[in-house]
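Peer 1: What follows is a structure written as structure tokens; I'll ask about it next.
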Amino acid sequence: MKNKVAAHHDLIKKINRSLILEEIKTEKLISRAQIAKKLSLSKSTVSSIVEELLEKKLVIEMGEQSPVKGGGRPALMLGYNTDSAYGIGLDIDRVRILIIITNLVGKIIFKKKVKLTNQVEEIIGIVKESIKESAIPEEKILGMGIGVPGRANSEIVFRAKALNWTNLNLHEIFKPHFPFPTFINNDVNCAGLGEMWLDPSGIKNLLFIEIGQSIGSAVINEGNLVYGHDYQAGEIAYQISRSDFENGKFNLMGKPGVFESKISGIALAESGYSPEVLFQKYSHGEQQVISIVDSFVIELSVFIANATNLINPERVIIGGDVSESMDIVINQISELVTNLTPIKTEISLARLGGDAGALGAIAFMFKQIENQ
1 MKNKVAAHHD LIKKINRSLI LEEIKTEKLI SRAQIAKKLS LSKSTVSSIV EELLEKKLVI
61 EMGEQSPVKG GGRPALMLGY NTDSAYGIGL DIDRVRILII ITNLVGKIIF KKKVKLTNQV
121 EEIIGIVKES IKESAIPEEK ILGMGIGVPG RANSEIVFRA KALNWTNLNL HEIFKPHFPF
181 PTFINNDVNC AGLGEMWLDP SGIKNLLFIE IGQSIGSAVI NEGNLVYGHD YQAGEIAYQI
241 SRSDFENGKF NLMGKPGVFE SKISGIALAE SGYSPEVLFQ KYSHGEQQVI SIVDSFVIEL
301 SVFIANATNL INPERVIIGG DVSESMDIVI NQISELVTNL TPIKTEISLA RLGGDAGALG
361 AIAFMFKQIE NQ
């Protein structure tokens, strides 16, 4: 019984901490008393949590509020500590690593892309060298987030075929080398988080679809990733239709999925053109590519409509290399989805390009730090 009460207390504290930090981020300058009033929390609860946030360097005291005429003692104002702490994000694939360092609101301070041979020791060296090049003191770095092309939880890479990694505890491997914690996630999950983090509209519920050489997705509900039973939510490559089944098409783990074989960059390249050239030719009305692109648009739109019915996202964001050439068809996709489902959602192309994964890895790390 005591354990249940303690667990409940910890959960309530995490929720309150998240609410308070979000209020400070949003308001720019706010006092403890104002936070307590706006969130209907006790002053002692707010003061206790604010002290923790001050210790973690997530919040700073910004000076006293100008005294109100006839009022009492001026309040000490709090602000989000955007520039006195930083985060590192890595986006790792088979042949290269992208490393980005930002402040607490995602402003890029340092960025570097390096060829990689997939050795963990090499990655450690790249991070150390990048910290030196950035001239940011290690003690000001809150942590590091890493996006990998495979199944992972916050500490362990269960399987990343492209990197030949299986059950690799990167969290523990990195621990002796850096004075800050490391957190791991799937690269597409990270890209989705990056798009959400730096979106000015403040979206919290979205479906992120990445279309590159392969395909994947991230589901974000109320600002949190949906992982599924064993961290395999979002594996849309294996989406299958009745006609696929009737035509003898099946999914096998480790092989390209049925849906992936229809809309991925590799699938489009079977036309003999790169996605960029393919969509260019389509925009010019060249007959030899119209049926290929129309099929792509229909397949993707039907999937988005069905996904919208299932999870009701505020927005569907399409990213990945192929998306960079999709301006010509995004309106068609939006119109078709509108006709396929009565449930409304906004559909847009990703804004962050190739930086999304590393930026989202930082966003994930900051979230983990906040919740500790």
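Just so you know, we're using UniProt numbering here: the sequence shown kicks off at 1 and counts up by one.
Note that beta-carbon positions come from the ideal geometry of N, C-alpha and C, so glycine has one too.
Quick caveat: nothing in here was measured; it's all calculated off a predicted structure.
What are the residues that DSSP puts in a beta bridge with K112?
Peer 2: I99
Peer 1: If contact is defined by three or more beta carbon pairs under 8 Å, each pair taking one atom from either stretch, is the stretch 333 to 350 in contact with the stretch 10 to 23?
Peer 2: no
Peer 1: Inspect the beta-carbon positions of G89 and I97 and report whether they are closer than 8 Å.
Peer 2: no
Peer 1: By Cβ distance, which residues of its chain are closer than 7 Å to L207, with the 5 residues on each side in sequence left out?
Peer 2: S217, V219, A307, I311, P313 and V316
Peer 1: Between which two residues does the beta strand (DSSP E) harbouring V148 extend?
Peer 2: I141 to V148
Peer 1: From the DSSP output, in three-state form, read off I136 for me.
Peer 2: Coil at I136, not helix or strand.
Peer 1: Which term fits F174, buried or exposed, when burial requires 16 or more other beta carbons within 10 angstroms of its beta carbon?
Peer 2: buried
Peer 1: Taking 8 Å as the threshold (C-beta atoms), are G194 and L349 in contact?
Peer 2: no
Peer 1: When you compare each of K115, G265, N103 and H177 to S214 by their alpha carbons, which one comes out closest?
Peer 2: G265
Peer 1: Answer yes or no: do V293 and V329 have a C-beta to C-beta separation smaller than 8 Å?
Peer 2: yes
Peer 1: Please work out which residues of its chain come closer than 6 Å, Cβ to Cβ, to G145, disregarding the five sequence neighbours upstream and downstream, and give them in chain order.
Peer 2: G89, F183, A361, I362, F364 and M365
Peer 1: Label P74 either buried or exposed according to how many other C-beta atoms from any shown protein chain fall within 10 Å of its C-beta, with 16 as the threshold for buried.
Peer 2: Counting every other CB atom within 10 Å of its CB across the protein chains shown gives P74 a total below 16, marking it as exposed.
Peer 1: For the stretch 157 to 205, which segments carrying the alpha helix (DSSP H) assignment without a break, of at least 4 residues, lie completely within its bounds, in sequence order?
Peer 2: 170 to 174 and 187 to 197
Peer 1: If you draw a straight line from the alpha carbon of N153 to that of I263, how long is it in whole angstroms?
Peer 2: 28 Å
Peer 1: Note down the Cα distance separating K28 from E276, rounded to an integer number of angstroms.
Peer 2: 42 Å
Peer 1: Please look up how many angstroms separate the CB atoms of A358 and D91, rounded, as I've assumed it's under 8 Å.
Peer 2: 4 Å
Peer 1: Where does F366 sit, in a helix, a strand or coil, going by DSSP?
Peer 2: helix
Peer 1: Rounding to the nearest angstrom, what Cα-Cα distance links Y282 and I290 in this structure?
Peer 2: 6 Å
Peer 1: Could you pull the DSSP bridge partners for I88 from this structure?
Peer 2: I101 and M144
Peer 1: Quick one: grab the DSSP three-state call for R94.
Peer 2: If DSSP states are grouped into helix, strand and coil, R94 belongs with coil.
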